[in-house]
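Engineer: Below you'll find the structure I mean.
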Amino acid sequence: MKKGKKIKKQTRNRRRPFDGLQALFLFLVFCLITLLGAILSNSPRTVSGLAGAVASLQDQSGVESPVTAVLLNFRGYDTLLEVMVLLLAVIGVWSLAKAPFPTPETDISPVQMGVVRLLAPVMCLVAAYLVWQGSHLAGGAFQGGAILGAAGVLLLVSELPWLHAIPVYVLRIGLVLGPLVFVGTALSCLFLTGTLLAYPKGTAGWLILLIETACALSIGLTLALLFGGGRPESDVPGGDSP
Amino acid sequence: MITTLLYSLTGLILFGMGLFTLIIHSHPLRKILAINVMASGVFLILIATAYTPLGQGEIDPVPHAMVLTGIVVSVSVTALALILACRVQETSNRTLRKKTKQPKNTKGPKS
Amino acid sequence: MTTSILTLFDSILILTLLWLGWRLLSSEDIFKAVILFISFGLLMALAWVRMRAPDVALAEAALGAGLTGPLFLAALRRMNRTRKGERRLDSDEKREKDQKTDTEQT
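Protein chains in written order, with the numbering used here: chain B, 1 to 242; chain U, 243 to 353; chain E, 354 to 459.
So this is what it looks like as structure tokens:
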């Protein structure tokens with residue numbers, strides 16, 4: 001309690017001299033918001049945006065869900081770069097910090113163990129279903145990957161000992177699997193059709209499913225490793241790969 | 243039409259609140275929280291502009307795809323920013339400790 | 354009838370979103386702010402469903418509740434531990450410490 005009070009007092013004292021400045025910032029932000037609001041309410045409404053264009057090309061995209069068609073067919077380039085951004089984030093985290101040393105004996109409560117045993121397989125199943133469902137309903141690689149990542153967080157939180165026994169190269173391969181499959185497909189499309197990511201006729205549906213599956217695995221692993229908070233130790237003690 | 247305006251104004255206000263907090267507060271975690279709220283506001287504006295009421299035509303899927311990409315990127319950026327904040331605090335903590343220890347060590351040669 | 358119900362729903366959702374946003378940004382305690390942020394994310398998912406964007410809602414619900422919240426909580430714990438000086442060591446530091454204690458013992 002005392003500490004909390006002290007901190008509160010400190011922040012109050014620290015804030016007081018800036019009151020004039022705070023008011024100025026509040027005023028500036030208010031001006032910005034008012035201007036943006038005026039622009040928003042006066043902006044001309046285009047009739048339907050790109051909905052018509054997407055709907056007219058839906059048959060050729062190989063999937064029935066418009067969002068998946070945009071993500072992986074019409075604007076596949078954006079998604080490719082986005083997967084690269086995820087990979088870059090993991091590289092950044094790994095170069096900044098090392099994973100904390102695993103605590104030797106963790107007493108996992110049986111309730112938590114039971115929850116993990118019950119939930120983790122179900123989450124994997126839901127993730128797989130979402131990826132498969134992405135071709136015709138809401139769902140896809142990102143949603144499936146997010147749920148896989150959440151399952152990974154669940155496993156990491158309960159500090160299962162076998163997690164630290166996974167060799168690092170397996171993790172690395174898993175991380176680059178999605179981007180590699182995506183880039184490989186893009187390049188082979190470049191050779192076959194002359195345009196990057198223009199799928200050959202009739203193969204679009206299968207190629208999209210392949211890319212989505214690989215990307216969902218990679219995204220899930222990426223998100224879980226981001227939660228891990230650092231580069232995991234390689235299994236050979238003292239033999240760190242740089 | 244009204245719904246679109248209502249939700250985009252909400253997004254705008256969220257953006258403003260986030261921006262104000264980002265400027266005012268000094269704690270890094272609070273700054274990252276504020277950036278996340280700002281991102282939510284921007285996403286809300288984007289999705290609201292694509293909205294058409296039920297039965298009045300198709301919904302524009304392009305902003306949806308953009309926001310989907312944006313959400314995943316914002317999570318990875320948040321993770322990177324949090325690790326950076328932690329490392330900054332750890333490093334500054336270490337240097338602070340060294341600085342407080344140093345006077346004892348350097349007293350000898352100086353005097 | 355349906356439009357009035359929808360308007361009511363809209364206004365309640367928007368007011369809750371704004372109130373939650375304000376509370377989480379202005380609360381003194383960061384832990385409270387993080388918890389409020391998780392609930393804010395879940396309400397955002399509701400707003401996405403209302404905006405007829407189920408894909409975004411799925412992603413937001415999974416990422417906002419399942420990942421961003423735990424990320425913030427883990428970072429908060431790490432920072433608190435660093436401030437108290439009992440940070441969890443990574444493997445190199447642990448090895449150094451072990452070697453030190455070994456040499457001290459011998």
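Every residue, glycine too, gets a C-beta built ideally from N, C-alpha and C.
1. Is there a Cβ of chain U sitting closer than 8 Å to that of Met-435 (chain E), yes or no?
2. Nearest to Lys-201 (chain B) by CA position, among B:Phe-27, B:Val-115, B:Gln-60 and B:Ser-41, is which residue?
3. Beta-carbon within less than 6 Å of Gly-76 (chain B)'s beta-carbon, same chain only, minus the 5 sequence neighbours each way: which residues are those?
4. Along the chain, where does the alpha helix (DSSP H) containing Phe-74 (chain B) start, and where does it finish?
5. Check this for me: beta carbons of Val-168 (chain B) and Ala-321 (chain U), under 8 Å apart or not?
6. Taking 8 Å as the CB-CB limit, is Arg-448 (chain E) close to chain U?
7. Looking at chain E, is there any beta carbon in it that lies within less than 8 Å of the beta carbon of Leu-269 (chain B)?
8. Look at the Cβ atom of Leu-338 (chain U), then the Cβ atom of Ile-274 (chain U), and state whether they are nearer than 8 Å.
9. So is Phe-25 (chain B) in contact with chain E if we call contact Cβ pairs under 8 Å?
10. Indicate the three-state DSSP secondary structure (helix, strand or coil) for Lys-98 (chain B) in the structure shown.
11. CB Ile-289 (chain U) to CB Pro-305 (chain U), shorter than 8 Å?
12. Alpha carbon to alpha carbon, what distance is there between Glu-446 (chain E) and Phe-285 (chain U)?
13. Should Tyr-77 (chain B) be counted as a contact of the ligand PLP given a C-beta to heavy atom distance under 7 Å?
14. In three-state terms, what does DSSP make of Arg-405 (chain E)?
15. Strictly below 7 Å CB to CB, what residues from chain U border Glu-413 (chain E)?
16. Does the CB of Lys-2 (chain B) have a neighbour CB from chain E at under 8 Å?
17. Within 8 Å of any Cβ in chain U, is that where the Cβ of Gln-112 (chain B) sits?
18. Within 10 Å of its beta-carbon, does Ile-39 (chain B) have 16 or more other beta-carbons around it, so buried, or fewer, so exposed?
19. Please specify which runs of the alpha helix (DSSP H), each continuous and at least 4 residues long, are wholly inside the region 119 to 199 of chain B, giving them in chain order.
20. Residues of chain E with a CB under 9 Å from the CB of Gly-260 (chain U): which are they?
21. Sorted by chain position, which residues of the same chain lie with C-beta nearer than 6 Å to Phe-390 (chain E)'s C-beta, five sequence neighbours on each side aside?
22. Taking the continuous alpha helix (DSSP H) assigned at Tyr-293 (chain U), which residues delimit it?
23. For Ser-250 (chain U), which option in B:Gly-37, B:Ala-23 and B:Asp-19 has the closest C-alpha, if you only look at C-alpha atoms?
Structural biologist: Taking the structure as given:
1. Per the sequence shown, residue 435 (chain E) should be read as Thr rather than Met. Chain U contact via Cβ: present.
2. Across the set B:Phe-27, B:Val-115, B:Gln-60 and B:Ser-41, the C-alpha of B:Gln-60 shows the shortest separation from the C-alpha of Lys-201 (chain B).
3. Result list for Gly-76 (chain B): Leu-197, in chain order.
4. Segment: none, Phe-74 (chain B) is in no alpha helix (DSSP H) and carries neither H nor E.
5. No, they are not a contact pair.
6. Under the Cβ distance rule, Arg-448 (chain E) does not count among the residues neighbouring chain U, no pair being separated by less than 8 Å.
7. What is shown of chain B runs 1 to 242, which leaves residue 269 (chain B) out entirely.
8. Their beta carbons are not under 8 Å apart, which means Leu-338 (chain U) does not touch Ile-274 (chain U) by this criterion.
9. With 8 Å as the cut-off, Phe-25 (chain B) does not count as an interface residue toward chain E.
10. Taken through DSSP and simplified to helix, strand or coil, Lys-98 (chain B) comes out as strand.
11. Note that the C-beta distance between Ile-289 (chain U) and Pro-305 (chain U) is below 8 Å.
12. The alpha-carbon atoms of Phe-285 (chain U) and Glu-446 (chain E) are separated by roughly 42 Å.
13. You won't find the ligand PLP in this model; it holds no ligand whatsoever.
14. Arg-405 (chain E) falls in the coil class under three-state DSSP.
15. What Glu-413 (chain E) touches in chain U: Ile-313.
16. At Lys-2 (chain B) the pLDDT is 47, less than 50, meaning the model places this residue with poor confidence; the figure from the coordinates comes in the next sentence. Contact with chain E is absent for Lys-2 (chain B), since none of that chain's Cβ atoms lies less than 8 Å from the residue's Cβ.
17. No, because no Cβ of chain U sits closer than 8 Å to the Cβ of Gln-112 (chain B).
18. Classification for Ile-39 (chain B): exposed.
19. For the region 119 to 199 of chain B, whole alpha helix (DSSP H) runs of length 4 or above, ordered along the chain, are 141 to 157 and 168 to 193.
20. Per Cβ cutoff of 9 Å: Gly-374 and Leu-378.
21. Leu-377, listed in sequence order.
22. That residue, Tyr-293 (chain U), is in no alpha helix (DSSP H); it is neither H nor E in DSSP.
23. Nearest Cα to Ser-250 (chain U) within the set B:Gly-37, B:Ala-23 and B:Asp-19: B:Gly-37.
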